[in-house]
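Scroll down for the structure; my scribbles are underneath it.
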Amino acid sequence: MPYDHQSIEKKWQKKWEESPESQGDDSDQDTLYHLVMFPYPSGSGLHVGHVESYSAVDMLTRMERMRGKKVLFPMGYDAFGLPAENYAIKTGVHPAQTTAKAIETFRTQLKSIGLSFDWDREVSTADPDYYRWTQWLFLLFFKNGLAYRAKSPVNWCTSCTTVLANEQVVSGACERCDSEVIQKELEQWFFKITDYAERLLTGMDTIDWPEKIKAMQRNWIGKSVGATVDFSVVDHDATVSVFTTRPDTLFGATYVVLAPEHALVDQLVADESRTDVEAYRVAAGKKSALERTELQKVKTGVFTGAYAINPVNDEKIPIWIADYVMVTYGTGAIMAVPAHDERDFEFAKKYKLPIKKVVEPPVLQEVMNPDVGISNGAQTQVKIITDCFTSDGTAVNSGLLDCLKTNEAKEKINGWLTENGLGGAKTTYRIRDWLVSRQRYWGAPIPIIWCESCGPQPVPENQLPVVLPNDVDFKPTGESPLVGSKTFHDVTCPACSAPARRESDTMDTFVDSSWYYLRYCDPKNDQAFADREKIDNWCPVDLYVGGAEHAVMHLLYARFFSYALHDLGYVGYEEPFVKLRNQGLILGPDGDKMSKSKGNVVNPDEIVSQYGADSIRLYEMFLGPLEDEKPWDTKGVVGVRRFLEKVWKLQDIIVLEPVEGLETQLHKTIKKVTGDYEELRFNTAIAKLMELTNAATSAGKIGRDQYAVLVQLLAPLAPHLSEELWELLGHKESIFTSTWPTFDPKKIVDTQIEMGVQVNGKVRGSVVLAPDASEDEAMAAAHADENVTKYLDGKDVMKIIYVPGRILNIVVK
RNA sequence: GGGCGAGUGGUGAAAUUGGUAUACACGCUAGCCUUAGGAGCUAGUGCCGCAAGGCGUGAGGGUUCGAGUCCCUCCUCGCCCACCA
9 MPYDHQSIEK KWQKKWEESP ESQGDDSDQD TLYHLVMFPY PSGSGLHVGH VESYSAVDML
69 TRMERMRGKK VLFPMGYDAF GLPAENYAIK TGVHPAQTTA KAIETFRTQL KSIGLSFDWD
129 REVSTADPDY YRWTQWLFLL FFKNGLAYRA KSPVNWCTSC TTVLANEQVV SGACERCDSE
189 VIQKELEQWF FKITDYAERL LTGMDTIDWP EKIKAMQRNW IGKSVGATVD FSVVDHDATV
249 SVFTTRPDTL FGATYVVLAP EHALVDQLVA DESRTDVEAY RVAAGKKSAL ERTELQKVKT
309 GVFTGAYAIN PVNDEKIPIW IADYVMVTYG TGAIMAVPAH DERDFEFAKK YKLPIKKVVE
369 PPVLQEVMNP DVGISNGAQT QVKIITDCFT SDGTAVNSGL LDCLKTNEAK EKINGWLTEN
429 GLGGAKTTYR IRDWLVSRQR YWGAPIPIIW CESCGPQPVP ENQLPVVLPN DVDFKPTGES
489 PLVGSKTFHD VTCPACSAPA RRESDTMDTF VDSSWYYLRY CDPKNDQAFA DREKIDNWCP
549 VDLYVGGAEH AVMHLLYARF FSYALHDLGY VGYEEPFVKL RNQGLILGPD GDKMSKSKGN
609 VVNPDEIVSQ YGADSIRLYE MFLGPLEDEK PWDTKGVVGV RRFLEKVWKL QDIIVLEPVE
669 GLETQLHKTI KKVTGDYEEL RFNTAIAKLM ELTNAATSAG KIGRDQYAVL VQLLAPLAPH
729 LSEELWELLG HKESIFTSTW PTFDPKKIVD TQIEMGVQVN GKVRGSVVLA PDASEDEAMA
789 AAHADENVTK YLDGKDVMKI IYVPGRILNI VVK
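Each number in the working numbering comes from the position in the first sequence (counting from 1) with 8 added on.
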């Protein structure tokens, strides 16, 4: 009987559907929560990249369940979002229809690869029963001061006349129509993620995440320790406050720069400079974010005609505006110290501004290698960029700071600034509050009602969800399509009953995905987003797997939500995802990123029908380490398919008694495979299973119980085939109700091992020995090897290094 | 400019963490079988060399009995961030 993947996979998928494996009730003690990033249900269906991460976690989940753990492993859909809405603009087909159809397709595809999701817990963010709680969470944040409304510059597409999210701006242009994106000042809704900047930073020390993701989040949060310094303005009743990380260089400040958008510019600018300053501000405002950052080669600026007083030495220094200073960072103003900052140096040279040296570089010093204890001759050369020195050193020309090292000088000047009420130590963060409102249709409506007299009022909880209306025109106008819906827009104020209007913006879809893993814990609950006990039973998530592209968006937002919900008493922990792993991109066969335009997209359906679900699962895991980028090679699928066929054929050579010669290898395989699965190292686990299969094939026989163990080890990877073989072995119950095999430590000890013999460090032969053989025995064996003795003849043995079981090295002269 | 990571056969990749480099698989070569095969089986396959032997993990140094692995100096590639004061 040949291995017929199609009938086997159909048969078992049907059985799993009819009697899904119990995932345990919510009061179980021995629980794990395995999570994969839920997909956006795109019209093009499941991608091989989805298969990669879902298969990996499915395998670990199946093993843990066989080891007696209750594992929550849910799936859902991140169903709101732009593509469906854009499709509606083009075709008039309602996003709800497009999305529902795509979800159908995804579900069918996911089931076709035999993933053991708990389908009872499936969620969709576009479902009113889901977004009702997204809205509820918005109101929770609103009532607790974590959601607020403010004016802010946002990305504006001139052609689509609509706001774009940062991620929808590609190289300064609209991703949809490729036209220019400019900055526009609009009033928007924000979440106060900045309140959590420090905790989001320090919390990372407690979680097992890839260093790369942590680094990206740290960089995004952008903590910077320094000081503020207040400069009074000559002939004006005004103070310019600047932020600097080098307060120790205050004596070297020779001018002050404000961002063009800085609020004080209007007040300070001298009449004779007004025309120039205005022209510069207009020009800067027109520049896109792209131009302002990428055309950084040339710095430009304009003198305002005003002067500031350096508080530490009473020097009168000019105030400039320049767009190399960002209004959004620090105080939007800097003190320029050209002698010790490259940007200021460049600017000062261009505009002939004075450069004053206040830090002396340290002298050259010899560095001792602490490991060796002797000088290795390496030296640290101080970095001198022509006349600009940016490293630490010793203060000079700095009055009270003279002769102090940079660190000491910082401390001293900060104290002085504080004492004199002129500023002092200050830490800033680069992260900005999260802009969550979108002038879009296909998202969760923001549950706020605007009243002339009462201001923004939360929609009463018993009126949630605020359901998306259907009487809308999707054509972009610059306003949310919801404005056009009379049934939606015109309401009464919940506080005073006066006529009022409903907020017409919807929420960023990242709000939906910031809490979805909580909904899985209790997906049918209509009293709360989830029951606290159920959350605490499963959460935090033990293992989270998904793409690295979400490093500073979803993964940061979800952490913020978790911290906020913790503080408000809704969850019992701060960090939501204890362990995170990123799957590497699967590239096209040509080594390029898969894309429709390149025509190198591999459709998993075709692989499933031709080779089988078990083969595609196994193949994607066998490709290489989960976290690496790997090119797809359809020919490689043949290899794992052959392996499955070999396993299938082993049925023909089953014997009743265990085959002695396979016993050690079997137990070593149990050990290796179990450990590898735990670490998500499926490629080496599969290789080990192949070796065992090859060994059994060569031996021409395998014991019935030995075969059963092999099938069990294979079960998480190739669930359909393993179920079938398990049944053929005479079992009535699913293989996944069986107990995961354990190895016998006594059986993994080799009685004989092959060991290399080196002469002067070069391998010259090998000997077969007991692993605990004595040095004399090892030497005797080595002398019996003529290739070894050839190199020993006529030489004196100086030294013998013998590491039992590892190596014998004979040093001769 | 900053951060993270990687360079091993023709290809995807292994290497018990300092102990016989290239496991496993693809591909390729030869042979067998077959009407045929994008099927199966057997053997071979790092490089140079007829051989003995030599050389081999991006390059060059170092430590060590022994280095893909540790240390130093470089080179190349990938990803992310970037006028952040």
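Note that beta-carbon positions come from the ideal geometry of N, C-alpha and C, so glycine has one too. A quick note: this is a predicted structure, and the numbers were derived from the prediction, not measured.
- [ ] Identify the continuous alpha helix (DSSP H) that holds N227 and give its terminal residues.
- [x] Position 219 of the first sequence, counted from the start, is the residue given in the question as residue 227. Unbroken alpha helix (DSSP H) run through N227: E219 to I229.
- [ ] Can you grab the Cα-Cα spacing for the pair L843 / G431, in whole Å?
- [x] Here the chain comprises residues numbered 9 to 821, so residue 843 is not present and cannot be evaluated.
Task: Three or more C-beta pairs below 8 Å linking the stretch 585 to 599 and the stretch 229 to 246 - done: no
Task: Best match in L674, R649, V610 and L721 for proximity to S52 [C-alpha to C-alpha] - done: The residue given as residue 52 occupies position 44 in the first sequence. The option with the nearest alpha carbon to S52 is V610.
Task: Local Cβ density within 10 Å of L722, reported as buried at 16 or more and exposed below that - done: Indexing the first sequence from 1 puts residue 722 at position 714. Counting Cβ neighbours within 10 Å, L722 comes out buried, since at least 16 surround it.
Open item on the list: Considering only the alpha carbon of each residue, which of S240, S124, D400 and N795 lies closest to K78?
Closed with: In the first sequence, the residue the question calls residue 78 occupies position 70. Comparing Cα-Cα distances from K78 to each of S240, S124, D400 and N795, the minimum goes to S124.
Open item on the list: Rounded to the nearest angstrom, what separates G769 and D804 at their Cα positions?
Closed with: Reading the first sequence from its first residue, position 761 is the one you call residue 769. Reading the first sequence from its first residue, position 796 is the one you call residue 804. When rounded, the distance between both Cα atoms is 15 Å.
TODO: Evaluate K22 with the Cβ neighbour count: other Cβ atoms within 10 Å of its Cβ, from every protein chain shown; 16 or more gives buried, anything less gives exposed.
DONE: Working through the first sequence from its first residue, we reach residue 22 at position 14. Answer is exposed; the Cβ neighbour count stays below 16.
Task: Distance CB(A87)-CB(A155) smaller than 8 Å - done: Position 79 of the first sequence, counted from the first residue, corresponds to residue 87. Position 147 of the first sequence, counted from the first residue, corresponds to residue 155. Contact: no.
Open item on the list: Could you check whether Y11 and L737 sit closer than 8 Å to each other, using their CB atoms as the reference points?
Closed with: Here residue 737 refers to the residue found at position 729 when the first sequence is read from its first residue. Here residue 11 refers to the residue found at position 3 when the first sequence is read from its first residue. No, Cβ-Cβ distance for L737 and Y11 is not below 8 Å.
Open item on the list: I'd like to know whether the C-beta atoms of T257 and V345 end up nearer to each other than 8 Å.
Closed with: As a position in the first sequence, residue 257 is number 249, starting the count at 1. As a position in the first sequence, residue 345 is number 337, starting the count at 1. Yes, these two residues count as a Cβ contact at 8 Å.
Open item on the list: By the three-class DSSP mapping on this structure, what secondary structure does E188 have?
Closed with: Taking the first sequence and counting its residues from 1, the one referred to as residue 188 is at position 180. Looking at E188 - three-state DSSP - the assignment turns out to be strand.
TODO: On a CA-only basis, which of R649, V59, F199 and K220 is nearest R589? Give me that one, please.
DONE: Start at 1 with the first residue of the first sequence, and residue 589 comes out as number 581. Nearest of R649, V59, F199 and K220 to R589, Cα basis: K220.
Open item on the list: So, with DSSP's three-state summary, where would you put S27?
Closed with: Reading the first sequence from its first residue, position 19 is the one you call residue 27. Three-state DSSP puts S27 in coil, outside helix and strand.
- [ ] Locate the beta strand (DSSP E) running through D498, then write down its first and last residues.
- [x] Counted from its first residue, the first sequence places residue 498 at position 490. Run containing D498: D498 to T500, per the beta strand (DSSP E) assignment.
- [ ] Have a look at R70, I543, V237 and L595 and flag the residue whose alpha-carbon is nearest the alpha-carbon of K606.
- [x] Taking the first sequence and counting its residues from 1, the one referred to as residue 606 is at position 598. It is L595 whose Cα lies nearest to the Cα of K606.
Task: Delimiting residues of the alpha helix (DSSP H) encompassing V273 - done: In the first sequence, counting from the first residue as 1, residue 273 sits at position 265. Element bounds for V273: V273 to L276.
- [ ] Tell me whether the beta-carbon of A158 lies closer than 8 Å to the beta-carbon of Q105.
- [x] Residue numbering aside, residue 158 sits at position 150 when the first sequence is read from its first letter. Residue numbering aside, residue 105 sits at position 97 when the first sequence is read from its first letter. The Cβ atoms of A158 and Q105 do not sit closer than 8 Å to each other.
Open item on the list: Whether or not the stretch 759 to 768 and the stretch 683 to 702 are in contact is what I'm after, with contact meaning three or more pairs of Cβ atoms, one per stretch, closer than 8 Å; do they touch?
Closed with: no
TODO: Kindly list the residues whose CB is nearer than 8 Å to the CB of D379, restricted to its own chain and excluding five residues on each side of it in sequence; keep chain order.
DONE: Start at 1 with the first residue of the first sequence, and residue 379 comes out as number 371. Confidence is the limiting factor: at D379 the pLDDT is only 34, short of 50, which leaves the residue's position unreliable, though a coordinate-based value still follows. Excluding sequence neighbours, D379 sits near nothing in its chain.
TODO: Please name the residue, chosen from D660, W640, P753 and K654, that lies closest to K680 on a Cα-to-Cα basis.
DONE: Here residue 680 refers to the residue found at position 672 of the first sequence. Answer by Cα proximity: P753.
TODO: Could you please give the first and the last residue of the uninterrupted alpha helix (DSSP H) stretch that includes L563?
DONE: Looking up residue 563 in the first sequence gives position 555. H562 to D575 is the extent of the alpha helix (DSSP H) around L563.
Open item on the list: Quick check on DSSP: helix, strand or coil for Y41?
Closed with: On the first sequence, position 33 is the one that residue 41 refers to. Assignment of Y41 by DSSP, reduced to helix, strand and coil, places it in the strand class.
TODO: On the DSSP bridge assignment, give the partners of G431 in chain order.
DONE: Here residue 431 corresponds to residue number 423 of the first sequence, with the count starting at 1. Bridge partners of G431: V237.
TODO: Within the same chain, show all residues whose beta-carbon is closer than 6 Å to that of I392, passing over the 5 residues directly before and after it, in chain order.
DONE: The residue you call residue 392 lines up with position 384 of the first sequence. Residue placement at I392 is flagged as unreliable, the pLDDT there being 37, under the threshold of 50; a coordinate-derived value is accordingly withheld.
- [ ] List the residues that DSSP assigns as beta-bridge partners of M343.
- [x] Numbered from 1 along the first sequence, position 335 holds the residue referred to as residue 343. Its beta-bridge partners are V264.
Task: For V56 and Q673, the rounded distance between their alpha carbons - done: In the first sequence, counting from the first residue as 1, residue 673 sits at position 665. In the first sequence, counting from the first residue as 1, residue 56 sits at position 48. Approximately 33 Å, taken between the alpha carbons.
- [ ] My understanding is that L412 touches I327, with C-beta atoms under 8 Å, so please give their C-beta distance in whole angstroms.
- [x] For the purposes of this step, residue 412 is identified with residue 404 of the first sequence, where counting begins at 1. For the purposes of this step, residue 327 is identified with residue 319 of the first sequence, where counting begins at 1. That belief does not hold up - the Cβ atoms of L412 and I327 are roughly 28 Å apart, past 8 Å.
Open item on the list: Measuring alpha carbon to alpha carbon, tell me which residue in G76, V101, A110 and R73 is nearest G84.
Closed with: Residue numbering aside, residue 84 sits at position 76 when the first sequence is read from its first letter. Ranking G76, V101, A110 and R73 by Cα distance to G84 puts A110 first.
Open item on the list: Measuring straight from C-alpha to C-alpha, what distance separates I457 and S50?
Closed with: Numbered from 1 along the first sequence, position 449 holds the residue referred to as residue 457. Numbered from 1 along the first sequence, position 42 holds the residue referred to as residue 50. Their Cα atoms are separated by approximately 33 Å.
Task: Ordered list of alpha helix (DSSP H) runs contained in the stretch 395 to 454, each at least 4 residues - done: 414 to 427
- [ ] Compare the Cα-Cα distances from F482 to each of P28, V811 and V101 and report the closest residue.
- [x] For the purposes of this step, residue 482 is taken as the residue at position 474 of the first sequence. Measuring from the Cα of F482, the nearest candidate turns out to be V101.
Open item on the list: Tell me which residue opens and which closes the alpha helix (DSSP H) that W164 is part of.
Closed with: Against the first sequence, residue 164 aligns to sequence position 156. Run containing W164: none in the alpha helix (DSSP H); it sits in the beta strand (DSSP E), A155 to C165.
- [ ] Kindly identify the DSSP beta-bridge partner or partners of N817.
- [x] As a working note, residue 817 is residue 809 in the first sequence. In DSSP, N817 forms a bridge with Q766 and I809.
Open item on the list: On a Cα-Cα basis, can you pick out the residue from H791, A403 and L40 that is closest to W546?
Closed with: Position 538 of the first sequence holds residue 546. Cα-wise, what sits closest to W546 is L40.
- [ ] For P136, I'd like the list of residues in its chain whose CB is within less than 7 Å of its CB, leaving aside the five on either flank, ordered along the chain.
- [x] Position 128 of the first sequence, counting from 1, holds the residue named residue 136. Cβ neighbours of P136 beyond the five flanking positions: P473 and V475.
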